[in-house]
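Asker:
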Amino acid sequence: MSRTLSVVQGTIAERKIKVRGIDSRTVSVQDLQKLFGKCGPLINASFDTNEFGGYLGTATVIFSRASSANKAIKEYNLAKIDNKTMKVGYAIQPAPIATPVQNVPQMNKRAQM
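See below:
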């Protein structure tokens, strides 16, 4: 992975993706970096492990630009790697947009009793 500094563009939720359906025995971190680096500059690519170092079946890739993460999802979601189908999506789901509360009429205190 190139250590050239690049400007970060977008929130972490827009730049961080999760890759599912890859085998850490046949795919290396360098393979992840090479593959996803085609979509844009990476900050990090790593396999997800538990506290004992056991592979969790996923990898996390963080891009420096939101547009690169979006490109990776479009290009690689449901693509095959080593005869397995990868699922690629955002690691952090965006928070739902709150809908404004409509004006609720105030109740008369006597009506509440």
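Position 42 of the sequence shown, counted from 1, bears residue number 41 in numbering that gives the first Met the number 0, the numbering being contiguous throughout.
Note that the Cβ used here is the ideal one computed from N, Cα and C, for glycine as well.
Look at the alpha carbon of PHE62 and the alpha carbon of THR48, and state the distance between them as a whole number of angstroms.
Answerer: Reading the sequence shown from its first residue, position 63 is the one you call residue 62. Reading the sequence shown from its first residue, position 49 is the one you call residue 48. Cα-Cα distance, rounded: 20 Å.
Asker: Please determine, among THR59, GLY20, ALA12 and ARG24, the residue with the shortest C-alpha to C-alpha distance to GLN32.
Answerer: Within the sequence shown, the letter at position 33 stands for residue 32. Per the Cα distances, THR59.
Asker: Is GLU13 helix, strand or coil when you go by DSSP?
Answerer: Here residue 13 is taken as the residue at index 14 of the sequence shown, counted from 1. GLU13 falls in the helix class under three-state DSSP.
Asker: From the DSSP output, in three-state form, read off SER1 for me.
Answerer: Position 2 of the sequence shown, counted from the start, is the residue given in the question as residue 1. Reliability of the predicted coordinates at SER1 is poor, the pLDDT of 48 falling under 50, and the value obtained from them is presented with this limitation in mind. Coil at SER1, not helix or strand.
Asker: Pick from GLY52, ARG19, ASP30 and GLY36: whose alpha carbon is nearest that of TYR89?
Answerer: Along the sequence shown, one-based indexing puts residue 89 at 90. When each option's Cα is compared against that of TYR89, the closest is ARG19.
Asker: From CYS38 to ALA71, what distance separates their C-alpha atoms?
Answerer: Here residue 38 corresponds to residue number 39 of the sequence shown, with the count starting at 1. Here residue 71 corresponds to residue number 72 of the sequence shown, with the count starting at 1. Distance between the alpha carbons of CYS38 and ALA71: 6 Å.
Asker: Can you tell me which of LEU55, ARG24, ILE16 and THR25 puts its alpha carbon nearest to the alpha carbon of LEU41?
Answerer: Indexing the sequence shown from 1 puts residue 41 at position 42. Nearest C-alpha to LEU41: ILE16.
Asker: Helix, strand or coil for ASP30 per DSSP?
Answerer: Residue numbering aside, residue 30 sits at position 31 when the sequence shown is read from its first letter. Helix.
Asker: Report the option in GLU74, MET85 and ARG64 whose CA atom is closest to the CA atom of ALA12.
Answerer: By one-based count along the sequence shown, residue 12 stands at place 13. Checked all of GLU74, MET85 and ARG64; the closest Cα to ALA12 is ARG64.
Asker: Give the straight-line distance between the Cα atoms of TYR75 and GLY52, rounded to the nearest whole angstrom.
Answerer: Position 76 of the sequence shown, counted from the first residue, corresponds to residue 75. Position 53 of the sequence shown, counted from the first residue, corresponds to residue 52. If I take the Cα positions, the gap works out to 26 Å.
Asker: So, for GLY9: in the same chain, excluding its five sequence neighbours on each side, which residues have a beta-carbon less than 8 Å away from its beta-carbon?
Answerer: Your numbering for residue 9 matches position 10 in the sequence shown. Within the same chain, GLY9 has close Cβ partners ARG64, ALA65, SER66 and ALA68.
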